[in-house]
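Here the protein sequences come in this chain order: A and B.
By numbering that gives the first Met the number 0, the letter at position 21 of the first sequence is numbered 20, and the numbering carries on one by one without gaps.
By numbering that gives the first Met the number 0, the letter at position 63 of the second sequence is numbered 62, and the numbering carries on one by one without gaps.
2 protein chains.
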Amino acid sequence: MKKKKRAGPGRPEGNSFARDKILKAAEMAFAEHGYAGTSLREIVKRAHVTQALVTYYFGTKEALFKEIFMCRGREIATKRMQSLKALADGGGRYTLRDVIASYLRPALEMRRTRDGRAFIRLQARMHTEPPRFADRLRREVYDDTVREYLSAIRKVAPQLSDRTAYWRMVLMIGAYLYAHSDAHRLAEVSRGVCDPNDLDEMLEQITAFVVGGLMAPDG
Amino acid sequence: MKKKKRAGPGRPEGNSFARDKILKAAEMAFAEHGYAGTSLREIVKRAHVTQALVTYYFGTKEALFKEIFMCRGREIATKRMQSLKALADGGGRYTLRDVIASYLRPALEMRRTRDGRAFIRLQARMHTEPPRFADRLRREVYDDTVREYLSAIRKVAPQLSDRTAYWRMVLMIGAYLYAHSDAHRLAEVSRGVCDPNDLDEMLEQITAFVVGGLMAPDG
Numbered sequence: 000m001k002k003k004k005r006a007g008p009g010r011p012e013g014n015s016f017a018r019d020k021i022l023k024a025a026e027m028a029f030a031e032h033g034y035a036g037t038s039l040r041e042i043v044k045r046a047h048v049t050q051a052l053v054t055y056y057f058g059t060k061e062a063l064f065k066e067i068f069m070c071r072g073r074e075i076a077t078k079r080m081q082s083l084k085a086l087a088d089g090g091g092r093y094t095l096r097d098v099i100a101s102y103l104r105p106a107l108e109m110r111r112t113r114d115g116r117a118f119i120r121l122q123a124r125m126h127t128e129p130p131r132f133a134d135r136l137r138r139e140v141y142d143d144t145v146r147e148y149l150s151a152i153r154k155v156a157p158q159l160s161d162r163t164a165y166w167r168m169v170l171m172i173g174a175y176l177y178a179h180s181d182a183h184r185l186a187e188v189s190r191g192v193c194d195p196n197d198l199d200e201m202l203e204q205i206t207a208f209v210v211g212g213l214m215a216p217d218g
Numbered sequence: 000m001k002k003k004k005r006a007g008p009g010r011p012e013g014n015s016f017a018r019d020k021i022l023k024a025a026e027m028a029f030a031e032h033g034y035a036g037t038s039l040r041e042i043v044k045r046a047h048v049t050q051a052l053v054t055y056y057f058g059t060k061e062a063l064f065k066e067i068f069m070c071r072g073r074e075i076a077t078k079r080m081q082s083l084k085a086l087a088d089g090g091g092r093y094t095l096r097d098v099i100a101s102y103l104r105p106a107l108e109m110r111r112t113r114d115g116r117a118f119i120r121l122q123a124r125m126h127t128e129p130p131r132f133a134d135r136l137r138r139e140v141y142d143d144t145v146r147e148y149l150s151a152i153r154k155v156a157p158q159l160s161d162r163t164a165y166w167r168m169v170l171m172i173g174a175y176l177y178a179h180s181d182a183h184r185l186a187e188v189s190r191g192v193c194d195p196n197d198l199d200e201m202l203e204q205i206t207a208f209v210v211g212g213l214m215a216p217d218g
């Protein structure tokens, strides 16, 4: 009987299917246990691959996390930018409501899939238990978008001071991240009257609230 | 030489000073590493006490966490209730702004001390990485207050539907928790224009935003 060929020290067995499997497993693990609470061993176990394969594709846990965050975050940021550009290209006659809905929609849409929901949860965790490198990563992915939206908002709400515009942008982010990541609380508080899985309703409700908040008298 | 008296199996050396030391150490540890990420061993180390003492006072990690959450949470809830009662006793001529500021102020005031800030952070973590028993605990501490405030809000904003009132209450909670727990993001986004440590400004900004959001047209 021919001796089975041993894997060499170079590239382990693998393909892009395996790579995806690792990314998805890692995304779920990070969403459930946070960055600090997830070990490479846990990811290896979930993905049903070898540790060598994870190391081969991503190197370290930090690199793997960054890959996930950049990829998903950029998807959201790109959609936000496209949607804002579409508004501007439409002759510039857009309302604050259009701007806010454009901002909120991409992250909301991500909730339609199980993996997407895991990412949204992972992202919400980044502000309560930020890994060391979170600030830089978040800036890299989102800051341009936040600035573009701030200037679009100020175009339709020119009465806002600098300070108030920044404050309200951050409060908007807080409100929507919470509605996403802790949907359970809504069901609990409303004793079932509100359905946190109705994404159209969620978009309507957050948009109306945020537009009202942004338009409040300043100071 | 007289043999040193061995501690019996009963009450270890300790006093209420030690008990407080343990509570504070645990609060900091839970805020930094979350519930799952904190071990009793870590708490023992921070508090400079023996594990026996921690076990004597609190039993388990879960019991210790509950003690902290109930104690701080009740402090916030009680102040909210008192402040709402004071509004009602003032002849009932209060505005939505008064109601919202009453709700927000107790948690904001807690930020004035280092321990208080740790609790606010711990509480924010509960929605991104809830321990198993979080829902029940949160309901127990906060649900009565949330209901009282909902009915006060609806008294001054009777145009809101049930569904919208619940949604907006939850969005308010999200906005303020985020502003508290991720104050860093505000400094980052505003490039230093906003000061997240100015508590009066924080109360003003969140109140104005939330009042605007609550008063937005419904549906």
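No residue lacks a Cβ here, since even glycine has one placed at the ideal position from N, Cα and C.
Proximal chain A residues relative to residue i, where beta-carbon distance stays under 8 Å
{"i": "leucine 176 of chain B", "result": "Gly173 and Tyr177"}
{"i": "arginine 138 of chain B", "result": "Glu187"}
Expected contact under 8 Å - CB spacing of residue i and residue j to nearest Å
{"i": "leucine 136 of chain A", "j": "phenylalanine 68 of chain A", "result": "6 Å"}
{"i": "histidine 179 of chain A", "j": "arginine 110 of chain A", "result": "7 Å"}
{"i": "aspartate 134 of chain A", "j": "glutamate 187 of chain B", "result": "7 Å"}
{"i": "aspartate 181 of chain B", "j": "histidine 126 of chain A", "result": "4 Å"}
Contact set for residue i: own chain, Cβ-Cβ below 7 Å, skip 5 residues either direction
{"i": "alanine 156 of chain B", "result": "Leu95, Leu213 and Met214"}
{"i": "glycine 72 of chain B", "result": "Val140 and Tyr141"}
{"i": "leucine 149 of chain B", "result": "Ala164 and Met168"}
{"i": "alanine 62 of chain A", "result": "none"}
{"i": "alanine 117 of chain A", "result": "Glu26, Met27 and Ala30"}
{"i": "glutamate 147 of chain A", "result": "Met80 and Leu83"}
{"i": "isoleucine 119 of chain A", "result": "Ala106, Met109, Arg110, His179 and Ser180"}
Where residue i meets chain B, residues with beta-carbon distance less than 9 Å
{"i": "serine 180 of chain A", "result": "His126, Thr127 and Gly173"}
{"i": "isoleucine 205 of chain A", "result": "Trp166 and Leu170"}
{"i": "glycine 115 of chain A", "result": "Per Cβ cutoff of 9 Å: no residues; glycine 115 of chain A is ~16 Å from chain B at best."}
First through last residue of the alpha helix (DSSP H) which encompasses residue i
{"i": "valine 210 of chain B", "result": "198 to 214"}
{"i": "glycine 72 of chain B", "result": "60 to 88"}
{"i": "phenylalanine 16 of chain B", "result": "15 to 32"}
{"i": "proline 105 of chain B", "result": "95 to 109"}
{"i": "glutamate 263 of chain B", "result": "Here chain B has residues from 0 to 218 only, and residue 263 of chain B is not among them."}
{"i": "arginine 190 of chain A", "result": "Neither: arginine 190 of chain A is in no alpha helix (DSSP H) and is coded neither H nor E."}
{"i": "aspartate 161 of chain A", "result": "161 to 180"}
{"i": "valine 43 of chain B", "result": "39 to 46"}
{"i": "aspartate 114 of chain A", "result": "113 to 127"}
{"i": "alanine 35 of chain A", "result": "Where alanine 35 of chain A is concerned, there is no enclosing alpha helix (DSSP H), given that its DSSP letter is neither H nor E."}
{"i": "threonine 49 of chain B", "result": "Note, threonine 49 of chain B: premise wrong, no alpha helix (DSSP H); not H, not E."}
Within chain B, the residues that residue i reaches when beta carbons sit closer than 8 Å
{"i": "leucine 185 of chain A", "result": "Tyr165, Trp166 and Val169"}
{"i": "alanine 106 of chain A", "result": "Those within 8 Å of alanine 106 of chain A in chain B number zero; the least Cβ separation is about 14 Å."}
{"i": "alanine 28 of chain A", "result": "Within 8 Å Cβ-Cβ: nothing; alanine 28 of chain A doesn't reach chain B, min ~13 Å."}
Residue i: contacting residues in chain A (beta-carbon distance under 7 Å)
{"i": "glycine 212 of chain B", "result": "Phe208, Val209, Gly211 and Gly212"}
{"i": "alanine 123 of chain B", "result": "Thr127"}
{"i": "valine 145 of chain B", "result": "Val188"}
{"i": "alanine 156 of chain B", "result": "What alanine 156 of chain B touches in chain A: nothing, since even the nearest Cβ is about 11 Å away."}
Close beta carbons around residue i, own chain, < 8 Å, minus the five adjacent residues each side
{"i": "glutamate 128 of chain A", "result": "Gly33, Tyr34 and Ala35"}
{"i": "lysine 3 of chain B", "result": "For lysine 3 of chain B, the predicted model reports a pLDDT of 47, less than 50, meaning its position is unreliable; a value from the coordinates is still stated below. Within the same chain, lysine 3 of chain B has no close Cβ partners at all."}
{"i": "phenylalanine 208 of chain A", "result": "Ala174"}
{"i": "lysine 65 of chain B", "result": "Phe132 and Leu136"}
{"i": "arginine 40 of chain B", "result": "Gln50"}
{"i": "proline 216 of chain B", "result": "none"}
{"i": "arginine 153 of chain B", "result": "Leu159 and Ala164"}
Contacts of residue i in chain B (Cβ-Cβ under 7 Å)
{"i": "aspartate 161 of chain A", "result": "Val192"}
{"i": "histidine 47 of chain A", "result": "Neighbours of histidine 47 of chain A on chain B: none; closest Cβ ~24 Å, over 7 Å."}
{"i": "alanine 215 of chain A", "result": "Ala207, Phe208, Val210 and Gly211"}
Own chain partners of residue i with C-beta closer than 6 Å, once the 5 adjacent residues on each side are dropped
{"i": "threonine 37 of chain B", "result": "Ala28 and Phe29"}
{"i": "cysteine 70 of chain A", "result": "none"}
{"i": "leucine 185 of chain A", "result": "Cys193 and Pro195"}
{"i": "serine 82 of chain B", "result": "Ser101"}
{"i": "glycine 9 of chain A", "result": "Bear in mind that a pLDDT of 49 at glycine 9 of chain A, under 50, signals an unreliable position, so the number given afterwards is only what the model happens to contain. Hits under 6 Å: none found."}
{"i": "alanine 46 of chain B", "result": "Lys20, Ile21 and Ala24"}
Per-residue contacts from residue i into chain A (C-beta, under 9 Å)
{"i": "aspartate 134 of chain B", "result": "His183, Arg184 and Glu187"}
{"i": "alanine 151 of chain B", "result": "Ordered by position in chain A, no residue passes the 9 Å Cβ test against alanine 151 of chain B, which lies about 15 Å from the chain."}
{"i": "glycine 36 of chain B", "result": "His32, Gly33, Ala35, Gly36 and Glu128"}
Cβ-heavy atom distance, residue i to the ligand NAD, below 6 Å
{"i": "alanine 87 of chain B", "result": "Ligands in the displayed structure: none, and consequently the ligand NAD is not present."}
Contact with chain D by residue i, beta-carbon distance below 7 Å
{"i": "arginine 92 of chain B", "result": "This model lacks chain D altogether, as its protein chains are A and B."}
### Query
Quick check: the stretch 189 to 207 of chain B against the stretch 95 to 112 of chain B, are there 3 or more CB pairs under 8 Å?
yes
### Task
Inspect the CB distances between the stretch 136 to 150 of chain B and the stretch 69 to 77 of chain B and report whether three or more fall short of 8 Å.
yes
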